[in-house]
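> Following this message is one structure expressed as structure tokens.
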């Protein structure tokens with residue numbers, strides 16, 4: 001074998017390796033989707049969204065967990081986005097760089113890797129017991145907001161860092177104040193990155209169960225929340241409960257609920273892509 | 001262009017603020033409402049909250065009751081959690097919940113905490129759960145197991161490696177064991193009754209908190225043996241073979257009559273006497289529970305008690321005023 005052939009062979013082998021790496025994930029995903037769609041699709045109808053949980057799989061629905069999930073996610077975003085972007089702005093634009101900043105930075109990155117159950121325990125201690133919010137939507141949303149804050153802060157920081165210095169200096173040269181520079185130049189430019197990070201973080205929060213179990217999401221609830229102090233359940237909790245039931249049909253409606261959750265996640269992710277593209281095209285104009 | 005962006009940003013923040021205020025406004029309103037509703041009846045209409053937490057084994061029964069009760073009383077808000085028997089008692093003894101689901105009686109330690117917090121309660125037996133021992137349907141040699149044999153199989157450092165080790169005439173094939181994990185009340189009960197000491201068991205078996213995993217394991221392996229709640233067997237009769245213990249097969253009748261011993265256990269709800277006396281909705285819910293248990297319990301895969309037993313327990317509760 002000549003040297004050239006050898007190198008071409010190497011190239012081919014590497015090509016096959018990376019291809020199979022990609023396929024591995026894809027194949028598993030396709031199998032999973034097929035299984036879930038097979039089991040769950042025929043259970044999805046209007047009643048599935050209108051009914052509460054029942055001991056009869058046929059009469060069961062996801063009204064309570066769907067509303068619970070939407071409430072939780074809405075509130076979580078409301079808390080986490082302004083605080084996260086605010087912290088990122090402060091860390092990047094206001095705080096002078098020294099060892100203390102580095103320490104804070106390391107801690108934030110570290111927090112992003114802390115297991116979610118730890119945040120659950122924290123939420124139980126602070127929001128449920130100390131602040132007395134009880135086992136409510138508010139406690140759940142605040143806990144999840146804490147959980148995803150590090151991710152939002154880090155991604156917002158990255159987005160802010162990516163703003164070219166020339167643009168910022170240009171704004172200052174034209175006589176902008178810092179506030180004008182941030183709102184007029186920095187944020188619009190960084191917004192696609194910030195939004196992508198935020199929405200992916202929120203999508204993660206949507207699938208969380210462990211911290212919500214700690215702050216007291218219940219399993220059976222037959223009314224939709226009316227305020228932030230009401231009890232709640234969420235889709236992942238309901239799915240977990242259904243999959244552990246003896247009746248096989250419950251596993252099928254669990255699959256149906258998984259489909260709804262996947263569609264919700266897909267919706268959120270496409271919203272992220274849409275927003276990013278919109279801001280990006282506005283930037284390039 | 002700059003000011004336009006700035007304006008947009010400000011309007012966005014403002015609208016966010018408005019939404020937050022709306023949320024807060026809503027919540028304080030509903031808070032007031034529930035306060036007013038606490039335990040009151042308006043012209044025969046029940047309202048208010050009932051909070052239940054506890055065992056995941058008992059959950060299906062309470063869920064079914066809550067479902068039916070709520071059909072009649074639309075304004076009553078019932079929540080049922082699954083923190084486990086221990087986790088449920090932790091909240092119950094602090095006075096956080098009205099009713100606690102339990103797959104074992106309250107422990108002395110827990111009862112002491114309740115006493116310290118001034119929580120009085122009544123224990124109500126609501127159903128029986130049989131723990132069933134199962135093998136694969138292709139297993140044609142096992143037709144009975146004694147409690148001693150079960151102990152020999154499951155005890156710590158068990159010498160049973162093959163079926164032959166149990167009875168010499170059985171095949172010389174490795175036995176694959178399946179059982180619930182250590183967090184399960186079924187595990188506690190099984191070890192206590194069979195091994196003689198709660199929590200002691202051999203370590204080389206497949207353990208899962210999810211009984212469906214056990215069902216699949218046993219259904220897919222000719223040489224498997226396992227145990228779990230009777231309700232899971234009822235739903236999977238065609239892929240499992242049930243093993244009589246000491247010659248008694250668990251059925252609704254043998255469990256109800258108390259013949260299937262020692263592997264049938266009672267399930268309970270614990271009712272706070274204070275909630276029962278002072279919250280109309282809790283009182284009505286417990287009454288409903290005990291009056292309909294005989295009809296609803298079998299639908300959830302458990303074995304109900306005799307109606308007289310339910311009636312007697314209700315009387316005791318009512319007289320506890």
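Protein chains in written order, with full-length UniProt numbering: chain A, 1 to 285; chain B, 1 to 321.
Where is the CB? At the ideal position from N, CA and C, for every residue including glycine.
Fair warning: this is a prediction, and the values are worked out from it, not measured in the lab.
1) Anyone know if the C-beta pair for residue 53 of chain A and residue 64 of chain A falls short of 8 Å?
2) When Cβ atoms are compared, which residues of the stretch 287-302 of chain B fall closer than 7 Å to chain A?
3) Count the other CB atoms, across all protein chains shown, that sit within 10 Å of the CB of residue 214 of chain A; report buried if there are 16 or more and exposed otherwise.
4) Examine chain A for any beta-carbon lying closer than 8 Å to the beta-carbon of residue 60 of chain B, and answer yes or no.
5) At a Cβ cut of 8 Å, what residues of the stretch 70-81 of chain B count as close to chain A, listed as they run along the chain?
6) Just tell me which of B/244, B/318, B/194, B/75 has its CA closest to the CA of residue 143 of chain B.
7) Looking at the structure shown, is residue 166 of chain A part of a helix, part of a strand, or coil, going by DSSP?
8) According to DSSP, residue 266 of chain B sits in a beta bridge with which residue or residues?
9) Examine chain C for any beta-carbon lying closer than 8 Å to the beta-carbon of residue 144 of chain B, and answer yes or no.
10) Which class does residue 120 of chain A belong to by DSSP, given the choice of helix, strand or coil?
11) With three or more beta-carbon pairs closer than 8 Å as the criterion, would you say the stretch 247-256 of chain A touches the stretch 168-187 of chain A?
12) Report the CB separation of residue 268 of chain A from residue 199 of chain A in whole angstroms; it is logged as a contact under 8 Å.
13) Kindly indicate which three-state DSSP category residue 235 of chain B falls into: helix, strand or coil?
14) Would you grab the beta carbon distance between residue 317 of chain B and residue 282 of chain B for me? Rounded to a whole angstrom, and I think it's under 8 Å.
15) Any C-beta of chain B sitting closer than 8 Å to the C-beta of residue 108 of chain A?
16) Taking any Cβ of chain A, which residues in the stretch 259-273 of chain B have a Cβ under 8 Å from it, in chain order?
17) Could you check whether the Cβ of residue 304 of chain B sits closer than 8 Å to any Cβ belonging to chain A?
18) Would a check of beta-carbon distances place residue 270 of chain A closer than 8 Å to chain B?
19) Applying the criterion that 16 or more other CB atoms from any shown protein chain within 10 Å of the CB defines a buried residue, is residue 241 of chain A buried or exposed?
20) According to DSSP, what are the bridge partners of residue 220 of chain A?
21) Using the rule of at least 16 other Cβ atoms within 10 Å of the residue's Cβ for burial, across every protein chain shown, is residue 173 of chain B buried or exposed?
22) Check distances from the C-beta atoms of the stretch 239-266 of chain A to those of chain B and list, in chain order, the residues that come in under 8 Å.
23) Where residue 31 of chain A and residue 37 of chain A are concerned, what is the direct C-alpha to C-alpha distance, given to the nearest angstrom?
24) Output needed in chain order: residues of the stretch 220-236 of chain B with a Cβ under 8 Å from some Cβ in chain A.
25) How many angstroms separate the CA atom of residue 115 of chain A from the CA atom of residue 208 of chain A?
26) When the Cα of residue 183 of chain A is compared with those of A/22, A/57, A/93, A/275, which residue comes out closest?
27) Pick from B/225, B/280, B/273: whose alpha carbon is nearest that of residue 124 of chain B?
28) Could you check whether residue 147 of chain B and residue 278 of chain B sit closer than 8 Å to each other, using their CB atoms as the reference points?
29) Count the CB pairs spanning the stretch 149-161 of chain A and the stretch 97-117 of chain A that are closer than 8 Å, and state whether there are at least three.
30) Quick one: list the residues of chain A neighbouring residue 211 of chain B, beta-carbon separation under 8 Å, in chain order.
31) At what residues does the alpha helix (DSSP H) containing residue 298 of chain B begin and finish?
32) Check residue 101 of chain B in the structure and name its three-state DSSP category.
33) Below 7 Å on C-beta distance, what does residue 64 of chain B contact in chain A?
34) Using a beta-carbon distance cut-off of less than 9 Å, what residues from the stretch 189-222 of chain A approach chain B?
35) If we define contact as Cβ-Cβ less than 8 Å, is residue 26 of chain B a contact residue for chain A?
36) Quick one: Cα of residue 86 of chain A to Cα of residue 197 of chain B, how far?
To lay it out plainly:
1) Taking the first chain and counting its residues from 1, one reaches residue 53 of chain A at position 53. Taking the first chain and counting its residues from 1, one reaches residue 64 of chain A at position 64. Pairing residue 53 of chain A with residue 64 of chain A gives a Cβ-Cβ distance under 8 Å.
2) 299, 300, 301
3) The residue you call residue 214 of chain A lines up with position 214 of the first chain. Residue 214 of chain A comes out buried.
4) Taking the second chain and counting its residues from 1, one reaches residue 60 of chain B at position 60. Interface residue, yes.
5) 70, 77, 78, 79, 80, 81
6) The residue you call residue 143 of chain B lines up with position 143 of the second chain. It is B/244 whose Cα lies nearest to the Cα of residue 143 of chain B.
7) The residue you call residue 166 of chain A lines up with position 166 of the first chain. Assignment of residue 166 of chain A by DSSP, reduced to helix, strand and coil, places it in the helix class.
8) On the second chain, position 266 is the one that residue 266 of chain B refers to. Residue 266 of chain B pairs with B/128.
9) Given the protein chain composition of this structure (A and B), no chain C is represented.
10) By one-based count along the first chain, residue 120 of chain A stands at place 120. Three-state result, residue 120 of chain A: helix.
11) no
12) Working through the first chain from its first residue, we reach residue 268 of chain A at position 268. Working through the first chain from its first residue, we reach residue 199 of chain A at position 199. Yes, they are in contact, since the Cβ atoms of residue 268 of chain A and residue 199 of chain A sit about 6 Å apart, within 8 Å.
13) In the second chain, counting from the first residue as 1, residue 235 of chain B sits at position 235. Looking at residue 235 of chain B - three-state DSSP - the assignment turns out to be helix.
14) Here residue 317 of chain B corresponds to residue number 317 of the second chain, with the count starting at 1. Here residue 282 of chain B corresponds to residue number 282 of the second chain, with the count starting at 1. The pair is not a contact, with the Cβ atoms about 11 Å apart (cut-off 8 Å).
15) Residue mapping note: residue 108 of chain A aligns to position 108 of the first chain, counting from 1. Not an interface residue.
16) none
17) Stepping through the second chain from its first residue, residue 304 of chain B is reached at position 304. No, residue 304 of chain B does not count as interfacial toward chain A.
18) Position 270 of the first chain, counted from the start, is the residue given in the question as residue 270 of chain A. No, residue 270 of chain A does not count as interfacial toward chain B.
19) In the first chain, counting from the first residue as 1, residue 241 of chain A sits at position 241. Under this definition residue 241 of chain A is a buried residue.
20) Residue 220 of chain A sits at position 220 when you count from the first residue of the first chain. Paired residues: B/80.
21) The count along the second chain starts at 1 and reaches residue 173 of chain B at position 173. Exposed, by the Cβ-count rule.
22) 241, 243, 244, 245, 246, 247, 248, 251
23) Residue numbering aside, residue 31 of chain A sits at position 31 when the first chain is read from its first letter. Residue numbering aside, residue 37 of chain A sits at position 37 when the first chain is read from its first letter. The alpha-carbon atoms of residue 31 of chain A and residue 37 of chain A are separated by roughly 10 Å.
24) 229, 231, 232, 234, 235, 236
25) Position 115 of the first chain, counting from 1, holds the residue named residue 115 of chain A. Position 208 of the first chain, counting from 1, holds the residue named residue 208 of chain A. Computed Cα separation, rounded: 11 Å.
26) The residue given as residue 183 of chain A occupies position 183 in the first chain. Cα-wise, what sits closest to residue 183 of chain A is A/93.
27) Against the second chain, residue 124 of chain B aligns to sequence position 124. When each option's Cα is compared against that of residue 124 of chain B, the closest is B/273.
28) For the purposes of this step, residue 278 of chain B is taken as residue 278 along the second chain, with counting starting at 1. For the purposes of this step, residue 147 of chain B is taken as residue 147 along the second chain, with counting starting at 1. Not in contact: residue 278 of chain B and residue 147 of chain B (Cβ atoms no closer than 8 Å).
29) yes
30) By 1-based counting over the second chain, the position of residue 211 of chain B is 211. By Cβ distance, chain A contributes 244, 246.
31) Translated into positions along the second chain, residue 298 of chain B becomes position 298. Run containing residue 298 of chain B: none; DSSP gives neither H nor E here.
32) Against the second chain, residue 101 of chain B aligns to sequence position 101. In this structure, residue 101 of chain B counts as strand in the three-state DSSP scheme.
33) Locating residue 64 of chain B in the second chain gives position 64, counting from the first residue. The answer, in chain order, is 55.
34) 213, 216, 217, 218, 219, 220, 221, 222
35) Position 26 of the second chain, counted from the first residue, corresponds to residue 26 of chain B. Because the pLDDT at residue 26 of chain B is just 45, under 50, the model does not fix this residue reliably, and the value given afterwards should be weighed accordingly. So yes, residue 26 of chain B belongs to the interface.
36) The residue labelled residue 86 of chain A in the question sits at position 86 within the first chain. The residue labelled residue 197 of chain B in the question sits at position 197 within the second chain. The straight-line gap from Cα to Cα measures roughly 57 Å.
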